[in-house]
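Structure record follows, encoded as C-alpha cells.
Numbering (full-length UniProt numbering), first residue to last: 1 to 361.
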C-alpha cells in the first residue's frame, strides 16, 4: 500500500504525536510511506532519523494561517507530488492540511481520508471563524472519502452540521499512546503537570491564577511542559502573582510520560479541544485529571478527576479537593482502566488499518 500523509506543521503537538505513531506502524509493516509537511520540526526530523524508508517532503507554502497566495502555491505543489507518487491513500491531518490536501487530490484516482483533530468550527473559536470554516468544510465534503474523528464529540459535531453523512461517512478512532514505565521518586510536594504548547487555545495563564488562590497549607508545585509564544507572558504573570515557587517551566520535553510518572495529577485548561493526547498519556500513568469541560475531554473523565470551567477560583477548589481526596488511589485506578479500555495505541492503529482496508475495498 502506498500512503501519503500530510500535516501542516512539523513542530511537535498532539496531531504530530498521533501521526508519528501511524507512520511508525505503517513503515514497520512494509508500506510505502511519504510524509508531507509545511516546514521542518521535531516530527520531520525524527521521521528522517528513525525511518529511512519514509520520504519526507517539505512544502514551505503550507502554512497554518489562511493566505490565498500561499494556499494556492501549496495546492499546486502538493498536486504535483500526488500525481508523481500516485498513492492509494492520502491521509490528511490538521485543518489547513485537510483543506489543501483535498483540493490537491481533487479528480485524482486516490482515496482521501481526513483525520479531524478538532473541527475549525468547534465551540470556543470565534463566531466568524466558525461560519467560515463550516462553509469551507461543506465545499470540501464531496472531496472526502472518509472522516476519522479522534473524539465522539467531534463525530457528533460533524453529524450535527451535516458534514459527516451516509455518503461521506466518519468513524471515531480515539487517540492512543503506548504505556511507558519509569521508576517513581519520592516527593514532598503535590505535583501537578500540564503538558501543552504556550499558545491559543491553551490557558496556562488561568492555571497560574488558580495557583494564587490555593491555601499555603497545600504544598503544591505545577510543572509546565512545553514552549510557545505565550511562555514569557506566563512567566511574568507567575512572578507578579507571587507564585514563582509554585511553578516550574521545563520547556519542550522529549517524554511527557516520564514527567507524569513523577506527578500526582495532570491538569489541562484550554478554550477548546478535540481529544488531547497529553491527557491520554496522563491516563497511561494512572493520573487523576483536572481539565476544562470542552470538546472531547469528558470522554477522558470517568470517576478519575474533575471537569471545570475556566475559572481560576473553581479550578483552585478542585485542585485542593483532589489533594485532600481520600479516594485518590481509586481515581488513579480508574484512569488506568480507562486507558486500557479505550486509548491504547494498538487499538488506534488496528482501527485505522481497518479504515484503510474499507477505503480500498
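Note that beta-carbon positions come from the ideal geometry of N, C-alpha and C, so glycine has one too. Only a predicted model underlies this, so the values are computations on that prediction, with no experimental measurement involved.
For this session: Would you check if the distance between the CB atom of residue 260 and the CB atom of residue 274 is smaller than 7 Å?
Result: Here the question's residue 260 lines up with position 260 in the chain shown. Here the question's residue 274 lines up with position 274 in the chain shown. No; because the gap between Cβ atoms is not below 7 Å, this pair is not in contact.
Exercise. Enumerated in chain order, which unbroken segments of the beta strand (DSSP E) with a length of 3 residues or greater are wholly contained in the UniProt domain "Glycosyl transferase family 1" (185 to 335)?
Worked result: 190 to 195, 220 to 225, 247 to 251, 265 to 268, 289 to 292 and 305 to 308
Problem set entry | Enclosing beta strand (DSSP E) for residue 167 [first to last residue] | Counting from 1 along the chain shown, the entry for residue 167 is found at position 167. First-last for residue 167: undefined, no H or E at that position.
For this session: Just the C-alpha distance for residue 351 and residue 99, rounded to the nearest angstrom, thanks.
Result: The sequence position of residue 351 within the chain shown is 351, counting from 1. The sequence position of residue 99 within the chain shown is 99, counting from 1. Distance between the alpha carbons of residue 351 and residue 99 is about 24 Å.
Problem set entry | Beta-carbon gap between residue 61 and residue 73 smaller than 7 Å | For this step, residue 61 is matched to residue 61 along the chain shown. For this step, residue 73 is matched to residue 73 along the chain shown. Yes, Cβ-Cβ distance for residue 61 and residue 73 is below 7 Å.
For this session: Grab the span of the beta strand (DSSP E) containing residue 100 for me, first residue to last.
Result: Here residue 100 refers to the residue found at position 100 when the chain shown is read from its first residue. No beta strand (DSSP E) contains residue 100, which is instead part of the alpha helix (DSSP H) from 95 to 105.
For this session: Could you spell out the range, first to last residue, of the alpha helix (DSSP H) harbouring residue 75?
Result: In the chain shown, the residue the question calls residue 75 occupies position 75. Looking at the DSSP string, the run of the alpha helix (DSSP H) that includes residue 75 is 68 to 85.
Problem set entry | As assigned by DSSP and simplified to three states, the class of residue 183 | In the chain shown, counting from the first residue as 1, residue 183 sits at position 183. The answer is coil: DSSP assigns residue 183 none of H, G, I, E or B.
Problem set entry | residue 62, DSSP secondary structure in three states | Taking the first residue of the chain shown as position 1, residue 62 is located at position 62. Three-state result, residue 62: coil.
For this session: Look at the alpha carbon of residue 125 and the alpha carbon of residue 216, and state the distance between them as a whole number of angstroms.
Result: Translated into positions along the chain shown, residue 125 becomes position 125. Translated into positions along the chain shown, residue 216 becomes position 216. Using only the alpha carbons, I get a separation of about 36 Å.
For this session: Inspect the CB distances between the region 193 to 213 and the region 166 to 174 and report whether three or more fall short of 8 Å.
Result: no
For this session: Classify residue 184 as buried or exposed, calling it buried when 16 or more other Cβ atoms lie within 10 Å of its own Cβ.
Result: On the chain shown, position 184 is the one that residue 184 refers to. Around the C-beta of residue 184, fewer than 16 other C-beta atoms lie within 10 Å, and the residue is accordingly described as exposed.
For this session: In the DSSP assignment, find the beta strand (DSSP E) that holds residue 114 and state where it starts and stops.
Result: Here residue 114 refers to the residue found at position 114 of the chain shown. Where residue 114 is concerned, the enclosing beta strand (DSSP E) stretches over 111 to 116.
Exercise. Quick check: the region 230 to 244 against the region 264 to 271, are there 3 or more CB pairs under 8 Å?
Worked result: no
Problem set entry | Completely contained beta strand (DSSP E) runs for the region 24 to 59, where each covers 3 or more residues | 32 to 38 and 55 to 58
Problem set entry | Closest by C-alpha distance to residue 178, when choosing among 322, 5, 277 and 66 | Counted from its first residue, the chain shown places residue 178 at position 178. Of 322, 5, 277 and 66, the residue nearest in Cα terms is 277.
Exercise. In chain order, what residues of the same chain lie with their CB nearer than 6 Å to the CB of residue 241, ignoring the 5 residues before and after it?
Worked result: Here residue 241 corresponds to residue number 241 of the chain shown, with the count starting at 1. Excluding residues up to 5 positions away in sequence, 212 lie with their Cβ nearer than 6 Å to the Cβ of residue 241 in the same chain.
Problem set entry | Sequence-distant residues of its chain with Cβ nearer than 6 Å to residue 56 (five each side left out) | Position 56 of the chain shown, counted from the start, is the residue given in the question as residue 56. Cβ within range, chain order: 35, 44, 47 and 48.
For this session: Under the assumption that residue 5 contacts residue 76 (Cβ atoms under 8 Å), give the Cβ distance between them as a whole number of angstroms.
Result: The residue you call residue 5 lines up with position 5 of the chain shown. The residue you call residue 76 lines up with position 76 of the chain shown. At roughly 19 Å, the Cβ-Cβ gap does not stay under 8 Å, so residue 5 and residue 76 are not in contact.
For this session: Would you identify the three-state DSSP class for residue 174, choosing helix, strand or coil?
Result: Your numbering for residue 174 matches position 174 in the chain shown. Residue 174: coil per DSSP, three-state reduction.
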